[in-house]
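Have a look at the structure below, then the notes.
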Amino acid sequence: MFRFVAAYGQLIMVFSCIGLCVFAYFVCAKRVLDSPGPPAANDHLRDTCLSSAYSIVEDDPMQYRISLSIEMDTKPFETILFHDTRLMPLQLAMKDMKKLKLLSSTAYTTMYVAERYGAKAHATMLTPCAVQDTTMRLGGLVRNIAFLARLSHPNIVPLLGFATSSSLLDLTVVTEFMALGTLSDVLRDANLVKSLRWTTPTSNGVVPLKAQLALDVATAVAHLHTLDTPILHNAISVDHVFISSEWRAHLGAFMYATYVDEPKTRLAPNAAPEVLAGRLRSTTHSDVYLLGQLLADLEVANDMPETVRAIVASCMELEPTTRPSALE
């Protein structure tokens with residue numbers, strides 16, 4: 076009898092221990108589940124995030140603005156935007172613009188189809204970014220406005236104006252509407268890309284579309300390089316060329332542009348190899364390298380003529396001084 080009681084007592088002790096372990100496990104699990112957890116990956120973007128509704132594009136959407144809580148010195152930008160006689164007539168009121176459709180959002184900018192005075196336009200503003208990047212990127216947007224305001228050419232995107240609040244963090248660049256979007260958009264569209272050819276099957280005098288687009292961009296670059304004070308685009312790419320409904324190319328996005336004698340500011344991700352390596356500063360030769368890269372990117376159907384291949388190869392020579400000029 077004594078042995079039975081002792082064994083029974085041992086069983087009670089074992090089951091009690093098991094019960095306590097199970098209880099402790101559930102208490103710990105509940106605390107883990109109820110805890111707020113680590114900060115979200117994008118918590119550092121909170122100060123510059125757009126409204127959560129910015130991607131829900133409606134016929135009459137709200138004005139999407141970057142938070143105005145960031146503290147930074149915007150006086151240099153204000154001097155350019157509000158005291159440059161070329162820019163003063165281009166100031167627009169936010170109420171005169173209505174965003175209609177979200178087109179694209181890159182790491183740098185977000186672009187919309189907008190309505191300005193009843194007509195379509197493109198509206199570009201900063202994409203949400205880390206606080207430390209905001210000043211740098213805002214400077215690029217101001218630079219884009221300043222250069223476009225000084226340029227007038229059939230193959231350069233026309234600037235219609237800009238709108239902003241006093242903080243400049245919602246600065247919006249308004250440019251002429253380009254129905255087909257960027258050249259990158261065209262190359263990704265299976266239907267549109269069918270229209271692109273280097274040669275045309277008939278001798279009707281029509282310039283093939285690829286050749287026309289290439290010529291348009293080269294003409295824009297040649298114009299920049301032959302100004303009294305030459306301008307370097309520094310970021311020529313299929314993402315920065317815009318295509319109108321008439322299939323004409325327009326060079327835009329001058330965020331990285333500089334004058335040829337200007338100290339180097341900021342490298343574009345697709346800069347020429349000698350510039351990326353830090354061996355040389357940007358020159359007209361580095362722009363020509365990027366032009367050659369753009370021509371190479373047009374090759375999506377393996378129909379590039381040998382003459383064009385030779386031009387691409389010469390534009391992308393590793394030795395900058397052996398590259399042709401944009402005029403050539």
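Mind the numbering: the sequence shown is residues 76 to 403 in our numbering, read in order. We treat Cβ as the ideally placed atom computed from N, Cα and C, and that holds for glycine. Since this is a predicted model, take the numbers as computed values, not measurements.
Cβ separation of residue i and residue j, assumed to be a contact under 8 Å, to the nearest whole Å
i: PRO348; j: LEU393; result: 7 Å
i: LEU165; j: ALA224; result: 6 Å
i: GLY367; j: MET330; result: Not really, about 21 Å apart at Cβ, beyond 8 Å.
i: LEU370; j: ILE386; result: 7 Å
i: PHE317; j: VAL232; result: 6 Å
Given residue i as reference, the closest of the options once Cα atoms are compared
i: THR397; options: ARG263, VAL375, THR358; result: THR358
i: PRO151; options: SER180, LEU175, THR202, LEU243; result: LEU243
i: VAL217; options: PRO203, LEU234, GLU251, HIS228; result: LEU234
i: MET169; options: ALA385, ASP372, ASP245, LEU267; result: ASP245
i: LEU156; options: SER240, PRO283, LEU373, SER361; result: SER240
i: ASP336; options: LEU351, ARG191, THR304, THR382; result: THR304
i: LYS176; options: THR184, HIS197, LEU162, TYR183; result: HIS197
i: LEU178; options: THR199, GLU153, ALA346, ALA286; result: THR199
i: ASP254; options: GLY214, ASN219, SER319; result: Note that residue 254 is Ala in the sequence shown here, rather than Asp. Ranking the options by Cα distance to ALA254, first place goes to SER319.
i: MET379; options: ALA346, GLU403, TYR334, LYS285; result: LYS285
i: MET186; options: GLY193, PRO203, ASP208; result: PRO203
i: THR257; options: LEU373, ASP208, THR382; result: LEU373
i: THR181; options: LEU370, PRO344, LEU351; result: PRO344
i: LEU288; options: ASN266, ASP264, LEU302, GLU321; result: GLU321
i: VAL248; options: TYR192, THR184, ASN266, ARG272; result: THR184
i: GLY236; options: ARG354, SER270, ASP171, PRO395; result: ASP171
i: ALA328; options: ARG341, TYR334, ILE311; result: ILE311
i: ALA210; options: ARG341, LEU226, ALA352; result: Here residue 210 is Thr; the residue named in the question, Ala, does not match the sequence. For the residues ARG341, LEU226, ALA352, the minimum Cα distance to THR210 belongs to ARG341.
i: TYR334; options: LEU365, LEU302, GLY353; result: LEU302
i: ALA411; options: ALA265, ASP264, ARG212, LEU162; result: A query on residue 411 cannot be resolved here, the shown segment of the chain reaching from 76 to 403 and no further.
Coil, strand or helix - residue i by DSSP
i: HIS228; result: coil
i: ILE155; result: helix
i: TYR364; result: helix
i: SER180; result: strand
i: MET186; result: strand
i: ALA194; result: strand
i: MET172; result: strand
i: PRO395; result: helix
i: VAL375; result: coil
i: THR359; result: helix
i: GLY256; result: coil
i: MET330; result: coil
i: MET211; result: helix
i: MET147; result: coil
i: LEU370; result: helix
i: LEU234; result: strand
i: LEU402; result: coil
i: LEU162; result: coil
i: LEU216; result: helix
i: LEU342; result: coil
i: GLY201; result: The residue you asked about is not Gly; residue 201 is Leu in the sequence shown. Strand, per DSSP.
i: LEU267; result: helix
Where the beta strand (DSSP E) through residue i begins and ends
i: THR247; result: 247-251
i: VAL350; result: Element bounds for VAL350: not the beta strand (DSSP E) but the alpha helix (DSSP H), 348-351.
i: MET316; result: Inspection of the sequence shows that residue 316 is occupied by Val rather than by Met. Where VAL316 is concerned, the enclosing beta strand (DSSP E) stretches over 316-318.
i: ALA324; result: 324-326
Beta-carbon contacts of residue i that lie in its chain and below 8 Å, excluding the five residues immediately before and after
i: ASP159; result: ALA221, ALA224
i: SER400; result: ALA297, HIS300, THR359, VAL363
i: ASN230; result: ASP291, VAL292, THR294, ALA295, HIS298, ARG323, ALA324, HIS325, LEU326
i: VAL268; result: VAL261, LEU262, VAL375, ALA376
i: LYS195; result: LEU175, VAL188, ALA189, PHE252
i: SER361; result: LEU307, ASN309, ALA346, ALA347, GLU349, VAL350, LEU355, PRO395
Distance cut-off 7 Å: residue i Cβ against heavy atoms of the ligand ATP
i: THR358; result: This structure lacks the ligand ATP, and indeed carries no ligand of any kind.
N- and C-terminal bounds of the alpha helix (DSSP H) containing residue i
i: HIS308; result: Run containing HIS308: none; DSSP gives neither H nor E here.
i: VAL387; result: 381-390
i: HIS300; result: 284-300
i: LEU243; result: No alpha helix (DSSP H) contains LEU243, which DSSP labels as neither H nor E.
Nonlocal neighbours in the same chain, by C-beta distance under 6 Å from residue i, ignoring five residues either side
i: SER259; result: VAL313, ASP314
i: THR274; result: PRO283
i: GLY215; result: MET330
i: LYS173; result: GLU190
i: LEU402; result: ALA297
Cβ of residue i within 8 Å of any chain D Cβ
i: MET253; result: This model lacks chain D altogether; it includes just one protein chain.
7 Å Cβ shell around residue i - same chain, five flanking residues per side excluded
i: ALA332; result: ARG218, PHE222, ILE306, LEU307, HIS308, ASN309
i: HIS404; result: Any question about residue 404 goes unanswered here, given that the chain covers just 76 to 403.
i: SER270; result: LEU284
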